[in-house]
Amino acid sequence: MTDFPRLITKRMVDHPTDSHGIERYLATGGYEQARRATGMTRDELVELIKDSGLLGRGGAAFSAGLKWSFLAPGRPSYLVVNADESEPGTFKDRQLLERDPHQLVEGVIISSIANEIHHAFIYIRGEYPKPARRVQRAIDEAYEQGFLGEGIFGTDYHLEVTIHLGAGAYICGEETALINSLEGLRGEPRLKPPYFPAAVGLYGKPTIVNNVETLCNLPHIVADPGVFKSIGHEIDTGTFLFSLSGHVRKPGNYELPHGLTWRQLIFEVAGGLHEGRSLKTWIPGGASAPWFVPDDHLDLPITKDDTGDAGSMLGSGAVVIMDDTTCVVQAAERIVRFFSHESCGQCTPCREGTTWLEMILRRIETGQGREVDIDMLLDISDNISVGLAWPPTMTTICPLGPSAVSPIISITKYFKDEIMAHIQGGGCPLAS
Amino acid sequence: MSRWPPETQERARQILTQYPHKRSAVMPLLYLAMAENGYLTDEGMEEVAGWVGITPAQVVSVASFYTMYKREPVGRYLISCCTSISCMLLGADAVLHAIEDEAGVPDGETDSSGLISVEHAECIGACGGAPALQVNYELVEGVTIEKVRELVQWLRGATPEVVNTDEMQSLFGGKTSFDWAVREESGAIGPYPAMPSLGTAASGKEQ
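Just so you know, the protein sequences line up as chains A and B, in that order.
When we follow the working numbering, the leftmost residue of the first sequence carries the number 1252, and every step to the right adds one.
When we follow the working numbering, the leftmost residue of the second sequence carries the number 16, and every step to the right adds one.
Take a look at the structure:
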């Protein structure tokens, strides 16, 4: 199950000790596609990416080419690279940043040319100093080679790239919060509309926000769109980087085509569970996603549509696997605690709601729960996300609040007996 | 008038050249202020306000939003133990308790000598190598309750000048999220992210 075509992790697998350096990058065809892009028009590049079917890899899975086409005519325009990876379970961008930073820089150049951008910012989360140092070195090397700065690749195009370090706020992964943070403000999401920073973004100018993995795919698409399109599923083209963690034998990042089943992913790719354990539940796409269970979902194909139709999402590709030793109340509490801690505080349903959800889950876990608590959890959730629908109906500016509702919906739907056992038994039935 | 030493002022000037609008420099300048004093003092935030051209209250509004800007003194070594979902599933709560016990410092506090601070952290992006922690934001993956006790003892005894992620990983770490492959030479010298350049080689020209 490991024989799949690799695009964005090929170099680091083939050349583990020097995949991050300029010598190896140039020796393996590096920067040839950025050079080629300097000879292409905006329309040609936008069409190429649109036609490739590339969907943004940051979680929303929106057509990358279509997003580019929304760019308003006003100039200057900016590119902001979202490297604020912080969703619990996700660690794919860290590997791309550390192990093949030039691939990202080349993607930045291609996206900049396609959108007539002359200043790009790479927003890297503050807890990633080592990845930031690697990208910094790659940028320095690219400047020395004349791939960044004035007159790149001998043309009259100029492009500056600046790294901006975050400081510990998950919400800055939301693109308008990220832009506020980059402007030197509190990282609070902006009211919509405008829905797309491509209309009004950084400093009020048209701005493209692209995820790290999305940009890393660009050199491969420019090199050979046919190869990219031939991988994966008809709608979900190209590869997808899955971050597998939790109770499996072989956690890690895996670059895979879309369309495998969850059974294949968990039991073959991830090596299955540990001796004597059985699969209880898993999160298919990061902490914000509703959970899946073996009886209903194990043989579903892993595609955007199949996952969405089943009431969840692939998100940023973080799969967290939980075996039968897991207390689902504790797991839900831990996820809700994350969103409670990371709530920016602008919207009352999120700020107050996530705090109450966390406290109620904690009292159930510690044996202080009451019979009415399940209804109370659902009532508070309904105030954050009306009707508890999927995709969520929001009473908030951004999806952070509704994200905290996903684990509540999941445990009340699939594990009501276990919650009741906590309440009636005065504590966690799984505690040793 | 800046109270920072000349070389710090020079770095502040370099940082300001990176942005079309001065206010964008507030975050990197806050890190500079932390590096200067070990944490964000009122004077440090006033200094940043002066460079960026906003009020000290506006600087505090930014600083108070982000967890990595410490407005109280922190130890020379800040241990951030991840307790989010993937680490929790693999025993992070017991790891945090072992750190608290060995350091004699409860979550969120600093020891009396100002050497070690302990905090629980939300996801640090090391889920494939869980449980994991950071010392001054330098990562150690695949830790155990025994190894983190040794780590605390080592910080106390060896008091390393520079905290290096590969050195700590080889001494106290285990499974990693992916093959790290290449040793890092640099590391952190205080409880803030080690990013020496805080900017790029860009010429800094505006568009």
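By construction, the Cβ of each residue, glycine as well, lies at the ideal position given by its N, Cα and C atoms.
Neighbour flag for residue i against chain B, beta carbons, 7 Å
{"i": "residue 1502 (chain A)", "result": "yes"}
{"i": "residue 1339 (chain A)", "result": "yes"}
{"i": "residue 1586 (chain A)", "result": "yes"}
{"i": "residue 1367 (chain A)", "result": "no"}
{"i": "residue 1608 (chain A)", "result": "no"}
{"i": "residue 1614 (chain A)", "result": "no"}
{"i": "residue 1496 (chain A)", "result": "yes"}
{"i": "residue 1474 (chain A)", "result": "no"}
{"i": "residue 1230 (chain A)", "result": "There is no way to answer for residue 1230 (chain A), as the model of chain A reaches only from 1252 to 1683."}
Cutoff 7 Å: residue i Cβ touching any chain A Cβ
{"i": "residue 81 (chain B)", "result": "yes"}
{"i": "residue 97 (chain B)", "result": "no"}
{"i": "residue 217 (chain B)", "result": "In this prediction, residue 217 (chain B) has a pLDDT of 39, which is less than 50 and means its spatial position is unreliable; what the coordinates show is noted afterwards. Yes, contact with chain A."}
{"i": "residue 5 (chain B)", "result": "Residue coverage of chain B in this structure runs from 16 to 222, which leaves residue 5 (chain B) outside it and unanswerable."}
{"i": "residue 206 (chain B)", "result": "no"}
{"i": "residue 122 (chain B)", "result": "no"}
{"i": "residue 36 (chain B)", "result": "yes"}
{"i": "residue 137 (chain B)", "result": "yes"}
{"i": "residue 187 (chain B)", "result": "no"}
{"i": "residue 33 (chain B)", "result": "yes"}
{"i": "residue 93 (chain B)", "result": "no"}
{"i": "residue 209 (chain B)", "result": "yes"}
{"i": "residue 132 (chain B)", "result": "no"}
{"i": "residue 196 (chain B)", "result": "yes"}
{"i": "residue 152 (chain B)", "result": "yes"}
{"i": "residue 84 (chain B)", "result": "yes"}
Three-state secondary structure assigned by DSSP to residue i
{"i": "residue 1571 (chain A)", "result": "strand"}
{"i": "residue 1508 (chain A)", "result": "strand"}
{"i": "residue 177 (chain B)", "result": "coil"}
{"i": "residue 1314 (chain A)", "result": "strand"}
{"i": "residue 207 (chain B)", "result": "coil"}
{"i": "residue 1641 (chain A)", "result": "coil"}
{"i": "residue 1525 (chain A)", "result": "coil"}
{"i": "residue 1461 (chain A)", "result": "strand"}
{"i": "residue 1598 (chain A)", "result": "coil"}
{"i": "residue 1424 (chain A)", "result": "helix"}
{"i": "residue 1654 (chain A)", "result": "helix"}
{"i": "residue 1554 (chain A)", "result": "coil"}
{"i": "residue 1513 (chain A)", "result": "helix"}
{"i": "residue 170 (chain B)", "result": "helix"}
{"i": "residue 24 (chain B)", "result": "helix"}
For residue i, the nearest candidate out of the options (CA to CA)
{"i": "residue 1484 (chain A)", "options": "A:1552, A:1665, A:1426", "result": "A:1552"}
{"i": "residue 1506 (chain A)", "options": "A:1467, A:1407, A:1601, A:1379", "result": "A:1467"}
{"i": "residue 1424 (chain A)", "options": "A:1651, A:1279, A:1368, A:1679", "result": "A:1651"}
{"i": "residue 1397 (chain A)", "options": "A:1357, A:1293, A:1445", "result": "A:1357"}
{"i": "residue 1330 (chain A)", "options": "A:1456, A:1395, A:1407, A:1349", "result": "A:1456"}
{"i": "residue 54 (chain B)", "options": "B:30, B:79, B:72, B:102", "result": "B:79"}
{"i": "residue 99 (chain B)", "options": "A:1653, A:1496, A:1602", "result": "A:1496"}
{"i": "residue 160 (chain B)", "options": "B:102, B:132, B:171", "result": "B:102"}
{"i": "residue 1407 (chain A)", "options": "A:1591, A:1436, A:1364, A:1500", "result": "A:1364"}
{"i": "residue 1333 (chain A)", "options": "A:1681, A:1344, A:1593, A:1677", "result": "A:1344"}
{"i": "residue 1372 (chain A)", "options": "A:1452, A:1301, A:1308", "result": "A:1452"}
{"i": "residue 1324 (chain A)", "options": "A:1367, A:1529, A:1438, A:1602", "result": "A:1367"}
{"i": "residue 168 (chain B)", "options": "B:187, B:157, B:176", "result": "B:187"}
{"i": "residue 1658 (chain A)", "options": "A:1587, A:1598, A:1636", "result": "A:1587"}
{"i": "residue 1673 (chain A)", "options": "A:1654, A:1394, A:1611, A:1635", "result": "A:1611"}
{"i": "residue 1229 (chain A)", "options": "A:1624, A:1625, A:1645, A:1641", "result": "Past the boundaries of the shown model lies residue 1229 (chain A); chain A is included only from 1252 to 1683, so the question cannot be answered."}
{"i": "residue 1561 (chain A)", "options": "A:1272, A:1287, A:1642, A:1385", "result": "A:1642"}
{"i": "residue 1435 (chain A)", "options": "B:62, B:162, B:38", "result": "B:38"}
{"i": "residue 1502 (chain A)", "options": "B:205, B:202, B:191, B:32", "result": "B:191"}
{"i": "residue 1662 (chain A)", "options": "A:1584, A:1620, A:1313, A:1619", "result": "A:1584"}
{"i": "residue 1489 (chain A)", "options": "A:1477, A:1498, A:1499", "result": "A:1477"}
Residue i: CB within 6 Å of a non-hydrogen atom of the ligand SAH
{"i": "residue 1616 (chain A)", "result": "You won't find the ligand SAH in this model; it holds no ligand whatsoever."}
Review point. With contact counted as at least three CB pairs below 8 Å, one residue from each stretch, are the region 1333 to 1343 of chain A and the region 1266 to 1282 of chain A in contact?
Key: no
Exercise for review: Decide if the region 1418 to 1436 of chain A is in contact with the region 1384 to 1404 of chain A; the criterion is three or more beta carbon pairs, one per stretch, under 8 Å apart.
Suggested key: no
Exercise for review: Pair every Cβ in the region 1562 to 1575 of chain A with every Cβ in the region 1366 to 1383 of chain A, then say whether three or more of these pairs are closer than 8 Å.
Suggested key: no
Review point. Per the contact definition of three or more C-beta pairs closer than 8 Å, is the region 1469 to 1481 of chain A in contact with the region 1545 to 1562 of chain A?
Key: The region 1545 to 1562 of chain A is not in contact with the region 1469 to 1481 of chain A.
Check your understanding: Which whole runs of the beta strand (DSSP E) in the region 1353 to 1413 of chain A are 3 residues long or more, in chain order?
Key -> 1370 to 1375
Review point. Does the pairing of the region 1475 to 1493 of chain A with the region 1507 to 1520 of chain A give three or more beta-carbon distances under 8 Å?
Key: yes
Exercise for review: Please determine if the region 85 to 99 of chain B and the region 131 to 138 of chain B are in contact, where contact requires at least 3 C-beta pairs separated by less than 8 Å.
Suggested key: The answer is yes - the region 131 to 138 of chain B touches the region 85 to 99 of chain B, with three or more Cβ pairs under 8 Å.
Practice item. Would you mind listing the beta strand (DSSP E) stretches within the region 1257 to 1337 of chain A that are 3+ residues and don't spill past its ends, in chain order? Key: 1329 to 1334
Review point. Quick one: any contact between the region 174 to 184 of chain B and the region 141 to 161 of chain B, if contact means 3 or more CB pairs under 8 Å?
Key: Yes: at least three Cβ pairs fall under 8 Å.
Exercise for review: Starting from the N-terminal side, write out each stretch of the alpha helix (DSSP H) that is 4 residues or longer and does not extend beyond the region 1433 to 1496 of chain A.
Suggested key: 1463 to 1474, 1476 to 1481
Practice item. Take every Cβ of the region 39 to 54 of chain B, pair it with every Cβ of the region 1408 to 1420 of chain A, and state whether three or more of those distances are shorter than 8 Å. Key: yes
Exercise for review: Count the CB pairs spanning the region 1638 to 1654 of chain A and the region 1589 to 1596 of chain A that are closer than 8 Å, and state whether there are at least three.
Suggested key: yes
Exercise for review: Specify whether the region 1600 to 1616 of chain A and the region 1625 to 1632 of chain A touch according to this definition: at least 3 beta carbon pairs, one from each stretch, less than 8 Å apart.
Suggested key: yes
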